[in-house]
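In the UniProt record's numbering, the protein residues as written are 1 to 303.
Beta carbons: idealized from backbone N, C-alpha and C, even for Gly.
Structure first, then comments.
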């Protein structure tokens with residue numbers, strides 16, 4: 001009989017491509033992964049792997065079994081969920097990945113709410129951009145993920161995923177509460193919206209290079225016809241807001257990321273850049289009561 005744990009290793013190898021990557025993900029040694037896959041070959045009575053130099057790849061039989069492994073493991077997960085659902089109190093661990101602003105404003109309040117309503121559900125949060133969270137969801141590393149990108153085209157439909165709309169967010173200009181940088185309306189003006197092109201002479205603060213939001217902000221400035229004069233690179237939204245609060249620079253942030261504890265004001269753009277934010281779950285995982293309860297808690301606290 002085929003061992004589900006070894007089928008899981010085969011599926012991971014199909015997804016990740018190398019034994020080393022599987023070993024690193026699952027905190028195993030490469031030799032242990034290889035041994036388990038060799039045992040799976042004996043259980044299947046067929047060659048599942050072939051060597052190409054120092055690497056291995058799946059044979060046609062291995063590829064077919066890897067595809068079936070996903071169906072088998074999803075079915076096992078559904079059966080386990082049905083059994084767990086027989087208990088009166090939902091229990092288990094639910095893994096959720098989300099980007100920073102949603103984690104702060106939605107997920108943490110949701111987890112706090114769950115502590116009182118469903119204390120036997122353990123939620124493990126991972127901070128990750130959508131470009132990281134959705135692949136992790138498809139690989140089965142998390143049960144729920146939050147998606148939403150300002151520049152991505154609509155994601156293709158996937159029958160294995162369930163999407164629930166959460167909210168809409170937009171990029172805004174953030175400035176010190178009493179500041180009027182060049183090209184910006186005075187506080188309390190009748191038209192508190194801005195054109196990004198009017199802010200070419202402003203001093204800017206962004207996240208560190210390579211961060212998704214920093215790259216987006218710089219691209220937006222370049223499209224508006226100027227290269228931003230950057231005075232600070234920060235590791236977190238909190239550091240950015242503190243720097244802006246001091247009147248030293250302006251910044252671009254998603255509206256959800258602007259913490260009301262800072263003395264700053266928000267100015268929307270006349271040509272808004274928006275994103276729809278969704279909670280995404282694997283269909284098989286959504287059969288678990290604990291996963292559904294976490295999803296419900298997230299939607300309940302979403303503003």
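Beta-ladder partner(s) of residue i, from DSSP
| i | result |
| --- | --- |
| residue 147 | 278 |
| residue 168 | 276 |
| residue 294 | None; residue 294 has no bridge partner. |
| residue 70 | The partner list for residue 70 (beta bridge, DSSP) is empty, contrary to what the question assumes. |
| residue 252 | 173 |
| residue 92 | 121 |
| residue 162 | 281 |
CB of residue i within 9 Å of CB of residue j, strictly
| i | j | result |
| --- | --- | --- |
| residue 205 | residue 250 | yes |
| residue 254 | residue 192 | no |
| residue 252 | residue 171 | yes |
| residue 246 | residue 121 | no |
| residue 11 | residue 46 | no |
| residue 138 | residue 160 | yes |
| residue 6 | residue 59 | no |
| residue 33 | residue 9 | yes |
| residue 110 | residue 297 | yes |
| residue 202 | residue 229 | yes |
| residue 166 | residue 72 | no |
| residue 232 | residue 200 | no |
| residue 25 | residue 37 | no |
Residue closest to residue i, alpha-carbon to alpha-carbon, out of the options
| i | options | result |
| --- | --- | --- |
| residue 237 | 215, 271 and 258 | 258 |
| residue 158 | 49, 42, 282 and 32 | 282 |
| residue 174 | 199, 219, 216 and 266 | 266 |
| residue 64 | 220, 126, 13 and 276 | 13 |
| residue 272 | 260, 220 and 211 | 220 |
| residue 128 | 95, 276 and 177 | 95 |
| residue 261 | 248, 276, 242 and 270 | 242 |
| residue 92 | 115, 51 and 235 | 115 |
| residue 256 | 211, 41 and 101 | 101 |
| residue 57 | 303, 27, 248 and 20 | 20 |
Neighbourhood of residue i by C-beta distance below 7 Å, restricted to the same chain and skipping five residues each side
| i | result |
| --- | --- |
| residue 214 | 206, 207 and 208 |
| residue 55 | 18 |
| residue 292 | 286 |
| residue 284 | 74, 77 and 78 |
| residue 164 | 278, 279, 295 and 299 |
| residue 90 | 118, 120, 121, 289, 290 and 293 |
Buried versus exposed call for residue i [16 or more other C-beta atoms within 10 Å across all chains shown]
| i | result |
| --- | --- |
| residue 222 | exposed |
| residue 244 | buried |
| residue 274 | exposed |
| residue 124 | exposed |
| residue 169 | buried |
| residue 83 | exposed |
| residue 195 | exposed |
| residue 69 | buried |
| residue 105 | buried |
| residue 217 | buried |
| residue 210 | exposed |
Neighbourhood of residue i by C-beta distance below 8 Å, restricted to the same chain and skipping five residues each side
| i | result |
| --- | --- |
| residue 130 | 99, 145, 146, 147, 148, 149 and 152 |
| residue 113 | 297, 300 and 301 |
| residue 190 | For residue 190, the predicted model reports a pLDDT of 48, less than 50, meaning its position is unreliable; a value from the coordinates is still stated below. Correct list: empty, nothing qualifies. |
| residue 23 | 29, 30, 32 and 33 |
Same chain, Cβ closer than 6 Å to residue i, five either side skipped, listed in chain order
| i | result |
| --- | --- |
| residue 136 | 97 and 142 |
| residue 133 | 97 and 145 |
| residue 53 | none |
| residue 35 | none |
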